[in-house]
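Down below is the structure, laid out as structure tokens.
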């Protein structure tokens, strides 16, 4: 028996895995579970996963795993239909959770962005300003990342099946850096978003000699003023600081209205 956050109970839940505007990397993380995907399929009934299977079943679904964000008018109706037919909606990946790179469209305007990328080519569809899915529908759980951690998805499913309440990570990436024995990038006079970025990735970028770019989104109560001051201490301009905040997470409610 499964007990999720809002006390919905179900047996061998019926699952929809779907995607909107994105690179498709998040659903590929599910496919890359390989042998574990078979275990996943034994625990849940994958009713609709068009990236991996040709047959599908219509709703209602016990929960929906949604990748991507909304960039076309037709997406609004489609994502609303997902919500209408699903007891639980899970935002999976940075695009679904925080907007990701394509949310930067909104700072230049959809038409300007389209012209920059496609020139005068005619489009068969209308691009709109980018919207994170929780601006349109209620989202019950967030599993962020670019790409997201496939093991966290398995953990989520496992917790649900065992009747436990899934706990999303609230600590920053810095905690995982410490656990892995990484030397702090800030102490080397570098720039890193780890102090205000939600953990769960295993500090994979700092562990490989690269800064955190915040693709997992903000922590619950990020100390934004402190982070900005650290960046100013390293002689970054306001424009450069905003670029760091906006790269992956400009659609996060915490950062969307950030101005310097």
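Numbering (the numbering used here), first residue to last: 1377 to 1636. All residues carry an ideal CB built from backbone N, CA and C; glycine is no exception.
Where residue 1498 and residue 1396 are concerned, what is the direct C-alpha to C-alpha distance, given to the nearest angstrom?
21 angstroms
Return the chain-ordered list of same chain residues with a C-beta closer than 8 angstroms to the C-beta of residue 1607, the five sequence neighbours on each side being excluded.
1567, 1616, 1617 and 1620
N-terminal and C-terminal residue of the beta strand (DSSP E) that residue 1415 is part of:
Residue 1415 -> not in any beta strand (DSSP E); alpha helix (DSSP H) instead, spanning 1411-1419.
Flag this pair as touching only if the region 1571-1578 and the region 1514-1531 have three or more C-beta atom pairs under 8 angstroms; answer yes or no.
yes
Please confirm whether residue 1416 and residue 1423 have their CB atoms less than 8 angstroms apart.
no
From residue 1553 to residue 1581, what distance separates their C-alpha atoms?
10 angstroms
Every unbroken alpha helix (DSSP H) inside the region 1541-1623 [4 residues or more]
1549-1555 and 1600-1609
Throw me the rounded Cβ distance for the residue 1523 and residue 1627 pair, which I believe falls under 8 angstroms.
Rounded, the Cβ-Cβ distance is 17 angstroms, inconsistent with contact.
Beta-carbon contacts of residue 1610 that lie in its chain and below 7 angstroms, excluding the five residues immediately before and after:
1565 and 1567
Helix, strand or coil for residue 1510 per DSSP?
helix
DSSP bridge partner residues for residue 1525 (one or two, in chain order)
Beta-bridge pairing links residue 1525 to no other residue.
Just the C-alpha distance for residue 1692 and residue 1501, rounded to the nearest angstrom, thanks.
Outside the modelled stretch of the chain, which goes from 1377 to 1636, sits residue 1692, for which no answer is possible.
Quick one: grab the DSSP three-state call for residue 1461.
coil
Provide the residue span of the beta strand (DSSP E) that contains residue 1638, from first to last.
Here the chain covers residues 1377 to 1636 and nothing more, so residue 1638 does not appear.
Touch test, the region 1404-1420 against the region 1472-1480, Cβ-Cβ under 8 angstroms, three pairs minimum:
no
If we ignore side chains and look at the alpha-carbon of each, how far apart do residue 1539 and residue 1613 end up?
49 angstroms
Going by DSSP, what residue range makes up the alpha helix (DSSP H) through residue 1490?
1486-1494
Beta-carbon separation of residue 1625 and residue 1585 under 8 angstroms?
no
Helix, strand or coil at residue 1497 according to DSSP, with G and I counted as helix
coil
Determine the closest residue to residue 1387 out of 1535, 1419, 1461 and 1588, with distance taken between C-alpha atoms.
1419
How would you label residue 1603, buried or exposed, when you count the other beta carbons within 10 angstroms and need 16 or more for buried?
buried
Specify, as a first and last residue, the run of the alpha helix (DSSP H) that residue 1403 falls within.
1401-1407
Residues near residue 1443 in its chain [Cβ-Cβ closer than 6 angstroms; skip 5 each side]
1395, 1398, 1402, 1403, 1468, 1469 and 1472
Just curious, the alpha helix (DSSP H) that residue 1428 is in, first and last residue?
That residue, residue 1428, is in no alpha helix (DSSP H); it is neither H nor E in DSSP.
Which whole-angstrom value is the C-beta distance of residue 1505 and residue 1482, which I expect to be below 8 angstroms?
5 angstroms
Continuous beta strand (DSSP E) stretch holding residue 1447: start and end:
1446-1448
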